[in-house]
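Numbering (my numbering), first residue to last: 40 to 368. We put the beta carbon where it would ideally sit given N, CA and C, even for glycine. Please read all numbers here as calculations on a predicted model, not as lab measurements.
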């Protein structure tokens, strides 16, 4: 299976540079069994659910993980926090990485220091912060990280802090939003409940790797990124109960899919409460154990996310649907 198999022509003007109003987006519905395709609205989701469905959402909360630091000489560096290693050290993406020097002190906007300590390659560094970073300090000096396909000359704006956060975000740790969840409003969630569906929340901290391009010719040669996820006792019980009774599990977003299928892989068909790291790479031929339906955004060409959706709905069907979506604009 080649990466080229997941390529398509994407007009650059169709890449949204700001989110649509929550609940107001158009939604394409693909019936895997019958092969049908409909154009609907996200607000119509409750009417498409079964009364015994389990809707599984990712309640991770995006942290303002983008920082700017300066040398005393004035050169500006940008840091994107990837994951905490110790209390005072974070694995970070540092730009321009080639200009960084191990052991030098860069000054943050609040006067604190960021010290590149160890190069990990590909622009990643272990960076020591003095004083250590906590969430309150990040809220003061950090900016929301935006997907790389969003290009804004003015950079981050204040509204990003709400626009790129789901209404049910609870557990801080993501450096990218679980974007399928951004469509939900409190009213839409209430509509789901009124339709009789159950709602459960898992946590998967979305990493920058979700946007990492596939740069190899053969899909099997791609090194998948690692992400941390957690199932509470209530969420595990909800999933296992749905599996035991043959109820459909509807995953909101590829992150929920990765967490669910990763957990079922670890638990041999059951979800155990607790937290793990997953490198699960879902491509056509993958045997899904838990996902019965999926709500997801459209994805970039040649991406692991497009491969995941193709594994679930079929590559030819997905690419045909994408072609129709592009034609319909």
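With a threshold of 16 other beta carbon atoms within 10 Å, residue 212 meets it and is buried.
In the three-state scheme derived from DSSP, where H, G and I count as helix and E and B as strand, residue 255 is classed as coil.
In the DSSP annotation of this structure, the continuous segment of the alpha helix (DSSP H) that includes residue 276 starts and ends at 272–284. Sixteen is the threshold: since fewer than 16 other Cβ atoms of the shown chains lie within 10 Å of the Cβ of residue 326, the residue is exposed. Each of 261, 101, 364 was checked against the Cα of residue 206, and the nearest Cα belongs to 101. Within the same chain, 230, 231, 234 come within 6 Å of residue 85 by CB-CB distance, once the 5 residues on both sides are set aside. Contact between the stretch 262–280 and the stretch 63–76 is absent: fewer than 3 CB-CB pairs across the two stretches fall below 8 Å.
DSSP places residue 288 in the uninterrupted beta strand (DSSP E) bounded by 288–291. The beta carbon of residue 170 sits closer than 7 Å to the beta carbons of 151 from its chain, once the five residues preceding and following it are set aside; these are given in chain order. Each of 345, 113, 142, 258 was checked against the Cα of residue 333, and the nearest Cα belongs to 345.
Taking 8 Å as the upper bound for CB-CB distance, residue 335 and residue 243 are not in contact here, some 14 Å apart.
Proximity to residue 66 across 50, 58, 200, 80 peaks at 80, based on C-alpha coordinates. Boundaries of the alpha helix (DSSP H) harbouring residue 85: 84–87, taken from the DSSP string. Per DSSP, residue 250 lies in no alpha helix (DSSP H) segment and is marked neither H nor E.
Residue burial is scored here from C-beta neighbours: residue 314 has fewer than 16 other C-beta atoms within 10 angstroms and is therefore classed as exposed. Per DSSP, residue 351 lies in no beta strand (DSSP E); the unbroken alpha helix (DSSP H) holding it starts and ends at 343–352. For residue 240, the pairing in a beta bridge is given by DSSP as 96. Of the other Cβ atoms in all chains shown, 16 or more fall within 10 Å of the Cβ of residue 330; this residue is therefore buried.
Under the Cβ criterion (8 Å, minimum of three pairs), the stretch 275–289 does not count as touching the stretch 251–264. The shortest CA-to-CA distance from residue 368 to any of 44, 46, 54, 47 is the one to 54. Residue pairing from DSSP places residue 211 in a beta bridge opposite 100.
The C-beta distance from residue 227 to residue 293 rounds to 20 Å, too long to meet the 8 Å contact threshold. A contact between stretches requires three or more CB pairs, one per stretch, nearer than 8 Å, and the stretch 116–131 fails this requirement with the stretch 301–314.
Sorting 190, 249, 195 by C-alpha distance to the C-alpha of residue 218 places 249 at the top.
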